[in-house]
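As C-alpha cells, the structure follows; a few thoughts come after it.
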Amino acid sequence: MSIARASRIKNEMCYLRLCIDTYDGGEIRGRLFNAYYRDALFFENCMDMIRQIEYIFDNFDYPHSTMDIRSFETEEDKASHPPVVRVRCAPTKELYSHNVSGDLATLRMRVMFRQNASWQGTLKWMEEGMEENFQSVLELLMLIDSVFEDE
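2 is the number of the first residue of the sequence shown in our numbering; add one for each residue after it.
Spelled out as C-alpha cells, the structure:
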C-alpha cells in the first residue's frame, strides 16, 4: 500500500456524518455514519452521541488520544463489561457516499485531534454549506445547538 493511500485511509477514519432527526429542548437524537462502519449508529442524546463517537475513535486508535479518560469505575468493574462488537469493514465506494440526511439537519464532522481530554476539528452544516472549527467537545455541542437556535 502506498504512503498516500495509507494516509487517505487514516484521514477518512476521522470523518463522521451526523444526521439529526429530532431536537427537543437542547437534546438531539439521530444517527451517525462512518465509512468504516456498515450500519448507522443511533444516539438518543448528546452524551450517547459523544460515547458512540469516542468508541469509534478508540476502536481505530485514530485520532490517537493523548490521555486516558478518568472514571469513577474501578478496574474490576471495567473488566466485567464485555466488549461491544460492532460490524466494522473495509471502506467501499458505497460506504463513502452515505448520502443520507437527518430529518432536521445533516452535519459532517472531522475530528483531527484528541488532546487535553477533548476533541478538536471542524463541523460543516451540509444544508447551509457553513463550516466552523471547534477546540473542545463543549464548543462542538454549542455549534450543534446553534443550528437549532430558531427552532
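Ideal placement from N, C-alpha and C gives every residue a C-beta, glycine not left out.
**Asked** Thinking just about the alpha-carbon of each residue, which of N60, I57, L33 is nearest to the one in T107?
**Response** When only C-alpha atoms are compared, the closest one is L33.
**Item:** Check whether L142 and E133 have beta carbons under 8 Å apart
**Value:** No.
**Message:** Tell me the rounded alpha-carbon separation between R18 and F73.
**Reply:** Spanning the alpha carbons of R18 and F73 requires a straight line of approximately 31 Å.
**Request:** Would you mind giving the Cβ-Cβ distance between G103 and I21, rounded to the nearest angstrom? I have them listed as a contact below 8 Å.
**Result:** At roughly 4 Å, the Cβ-Cβ gap stays under 8 Å, so G103 and I21 are in contact.
**Prompt:** Along the chain, where does the alpha helix (DSSP H) that runs through E140 open and close?
**Reply:** It spans 138-148 - the alpha helix (DSSP H) in which E140 sits, taken as one unbroken run.
**Asked** For F61, does the three-state DSSP call read helix, strand or coil?
**Response** Looking at F61 - three-state DSSP - the assignment turns out to be helix.
**Asked** Once you ignore the five residues that flank T23 on each side, which residues in its own chain have a CB closer than 8 Å to its CB?
**Response** Excluding residues within five positions, the ones whose Cβ falls inside 8 Å are I29, R30, G31, D104, L105.
**Asked** When the Cα atoms are used, what is the spatial distance from L1 to S119?
**Response** What the structure shows of the chain is the stretch from 2 to 152, and residue 1 is not part of that stretch, so it cannot be assessed.
**Prompt:** Whose C-beta lies closer than 6 Å to the C-beta of F61 among residues of the same chain, with five residues either side of it excluded?
**Reply:** The answer, listed in chain order, is M14.
**Request:** Evaluate E95 with the Cβ neighbour count: other Cβ atoms within 10 Å of its Cβ, from every protein chain shown; 16 or more gives buried, anything less gives exposed.
**Result:** Because E95 sits at a pLDDT of 49, beneath the cut-off of 50, its placement in the model cannot be relied upon, and the point is left open.
**Message:** Helix, strand or coil for Q116? Go by DSSP, reduced to three states.
**Reply:** Residue state, collapsed to three classes: coil.
**Whole-Å CB distance - V109 paired with M127, under 8 Å assumed** = Per the sequence shown, the amino acid found at residue 109 is Arg instead of Val. 6 Å between Cβ atoms; contact.
**Prompt:** If you drop the 5 nearest sequence neighbours on each side, which residues of the same chain put their C-beta closer than 7 Å to that of E240?
**Reply:** No answer is possible for residue 240: it lies beyond the span of the chain, which begins at 2 and ends at 152.
**Whole-angstrom C-beta distance between A41 and Y16, which should lie under 8 Å** = With 8 Å as the limit, Y16 and A41 do not qualify as a contact, their Cβ atoms being about 15 Å apart.
**Request:** Grab the span of the beta strand (DSSP E) containing G122 for me, first residue to last.
**Result:** Following the DSSP letters along the chain, one finds G122 inside the beta strand (DSSP E) bounded by residues 121-126.
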